[in-house]
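Q: Dropping a structure here in structure tokens format, bear with me for questions.
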Amino acid sequence: MPHRGLKTSQGSPARKVRVGIVGIGYLGRYHAEKYAAMPEAQIVGLVDVIPERAKEWAEKVRAESFPSHRDLLGKVDAVSVVVPTDQHYSVARDFLEAGSDVLVEKPITTTIREAEDLIRLARKRGRILQVGHVERFNPAVLAAREKVRAPIFIESHRLTPFRGRGTEVDVVLDLMIHDLDIILSFVRSSARKIHAVGVPVLSEKVDIANTRVEFEGGCVANITASRISFEDRRRIRIFQPDTYLTLDYGSKEITLYHRTFSPQDRRFQISAEQIEVEPGDALEKEIRAFVHSSLTRKPPVVTGEDGRNALDMAMRINKQIQENIEKIPSIAAFYGVKASLPAPSFPKTREKRKKRPWPPGKKTS
385 MPHRGLKTSQ GSPARKVRVG IVGIGYLGRY HAEKYAAMPE AQIVGLVDVI PERAKEWAEK
445 VRAESFPSHR DLLGKVDAVS VVVPTDQHYS VARDFLEAGS DVLVEKPITT TIREAEDLIR
505 LARKRGRILQ VGHVERFNPA VLAAREKVRA PIFIESHRLT PFRGRGTEVD VVLDLMIHDL
565 DIILSFVRSS ARKIHAVGVP VLSEKVDIAN TRVEFEGGCV ANITASRISF EDRRRIRIFQ
625 PDTYLTLDYG SKEITLYHRT FSPQDRRFQI SAEQIEVEPG DALEKEIRAF VHSSLTRKPP
685 VVTGEDGRNA LDMAMRINKQ IQENIEKIPS IAAFYGVKAS LPAPSFPKTR EKRKKRPWPP
745 GKKTS
């Protein structure tokens, strides 16, 4: 689908990407605001299951509102798909088939087969398929890429208070997948071995999880994600020969620790260095990159393949978590599944005890 050419005040054509946004919930509203502030984009329409919400935000960004995403098919060059995860595939597929570029929120889909289908369809139609792993555009992550050379151990924590949002999926697909994508982009190696545990606490899905991933290249990552924490913490530590760094996603701060030799003390010591991070809005950078790819036809920063790889690891983690849950009767009951191990039963004391001779040393017949 060719981009519509508009005219500048000087009469020369200025290319604008005609965009649509499907899903005007918590995150979709931010997408609308970012597009509206970009001169390279023109919002054509907004779609939401609540018509009043779509109409309200359409008026704010001077666009039209529609009751169904199908009403936008063929009318936009690019679209943000910001609907619940189980609808990602169907909505993204419809727009790719109609010839639109697609920015779909993470996770790309709920199954690997669906992700592969979107990748094939985008390739066949010559469309851009970008996945919304927004942490890739975090200014601190962008700055860290210049310092990370050969990671050998990674420790990651992503803890958030319980908000009741996103509970249609578990914490691995809701939160941990951010860290899986970041780690995969740093390590650039496939996972050789995964050990994962997790439990549901406040919802019917797993709310807290921990996984240890051993990569083919030798790096080991220990990753924890929780959506039931009192504190909000998003940090990652990356260790490599002679140096390691700590990165805070929230404060956008990086501290680099490296080994130095002190001539006075005649010994090695650790020194800390604060790395400069350029300020910036990660979501704005993500959407601007998508618009740029749509205009230039250059591959997106986060490809469909990247989204599929993060999803694949998340699915492997969830499979192992589920297997471990089924071994614990009390948690299996919470899930409504049959435990693979029976509940423990203990013999009564009097049945378990053998008769002992009395007095000691007396032989029994």
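Numbering of the sequence shown is given in our numbering, commencing with residue 385 and proceeding in unit increments. Using N, Cα and C, we set each Cβ at its ideal position, and we do this for glycine too.
1. Go ahead and pull the three-state DSSP assignment for S573.
2. Please name the residue in E660, Q704 and V686 whose C-alpha comes closest to that of P523.
3. Taking DSSP as the reference, what is the three-state secondary structure of V556?
4. Cα separation between E539 and V604?
5. What first and last residue would you give for the alpha helix (DSSP H) that runs through S677?
6. To which residues of the same chain is V571 closer than 8 Å at the C-beta, ignoring the five residues directly before and after it?
7. Can you list the alpha helix (DSSP H) stretches of 4 or more residues lying completely in the region 439 to 512, in chain order?
8. Are the Cβ atoms of I492 and L502 separated by less than 9 Å?
9. If you run the structure through DSSP and keep just helix, strand and coil, what is A528?
10. Rounding to the nearest angstrom, what Cα-Cα distance links T469 and V518 in this structure?
11. To which residues does DSSP link S610 through a beta bridge?
12. DSSP puts E657 in a beta bridge; with which residues?
13. Tell me which residue opens and which closes the beta strand (DSSP E) that I536 is part of.
14. State the Cα-Cα distance for the pair A575 and R437, rounded to the nearest angstrom.
15. Can you look up L586 in the DSSP assignment and give me helix, strand or coil?
16. Tell me which residue opens and which closes the alpha helix (DSSP H) that Y410 is part of.
17. Run through the DSSP bridge pairs and tell me what S646 is partnered with.
18. Is the region 576 to 590 in contact with the region 650 to 666, if contact means three or more CB pairs nearer than 8 Å?
19. Helix, strand or coil for D432, going by three-state DSSP, please let me know.
20. Closer than 6 Å by C-beta to N708: which residues in its own chain qualify, once you throw out the five before and the five after it? Chain order, please.
21. Between Y414 and the rest of its own chain, which residues show a CB-CB distance below 7 Å, the 5 nearest in sequence each way excluded?
22. Determine whether the beta carbon atoms of R399 and E424 lie at a separation below 9 Å.
23. Roughly how many angstroms separate the alpha carbons of T627 and Q658, rounded to a whole number?
24. In terms of alpha-carbon separation, which member of R619, H642, S646 and F623 lies closest to G634?
25. Tell me the rounded alpha-carbon separation between V555 and Q426.
26. Taking the alpha-carbon of S678 as reference, which of I408, V460 and G429 has the nearest alpha-carbon?
27. Mapping the DSSP letters down to three states, classify L725 as helix, strand or coil.
28. Below 7 Å CB to CB, which residues in the same chain sit around Y410 once its five sequence neighbours on both sides are set aside?
29. Tell me which same chain residues have a C-beta within less than 6 Å of the C-beta of D591, skipping the five on either side of it?
30. Looking at the structure shown, is V685 part of a helix, part of a strand, or coil, going by DSSP?
31. Please identify the residue among L557, P435, A420 and A442 whose C-alpha is closest to the C-alpha of G429.
A: Inspection of the coordinates gives the following:
1. coil
2. That would be E660, whose Cα lies nearest to the Cα of P523.
3. The answer is helix: DSSP assigns V556 an H, G or I state.
4. 9 Å
5. A666 to T680
6. A distance below 8 Å between beta-carbons, with the five flanking residues on each side excluded, links V571 to the following residues of its chain, in chain order: P535, I538, F599, G601, C603 and A605.
7. 472 to 481 and 496 to 509
8. I492 places its beta carbon less than 9 Å from that of L502.
9. helix
10. 16 Å
11. L543 and I592
12. L640
13. Run containing I536: none; DSSP gives neither H nor E here.
14. 43 Å
15. It is coil, neither helix nor strand.
16. Y410 to A420
17. DSSP, once it has assigned bridges, lists R651 as partnering S646.
18. no
19. coil
20. Hits under 6 Å: V581.
21. If you ignore the 5 residues before and after Y414, its C-beta comes within less than 7 Å of the C-beta of L667, all in its own chain and listed in chain order.
22. yes
23. 13 Å
24. R619
25. 35 Å
26. V460
27. For L725, the predicted model reports a pLDDT of 46, less than 50, meaning its position is unreliable; a value from the coordinates is still stated below. L725 falls in the coil class under three-state DSSP.
28. Same-chain partners within the cutoff: R549.
29. V555, P584, V585, R611 and I612
30. coil
31. A442
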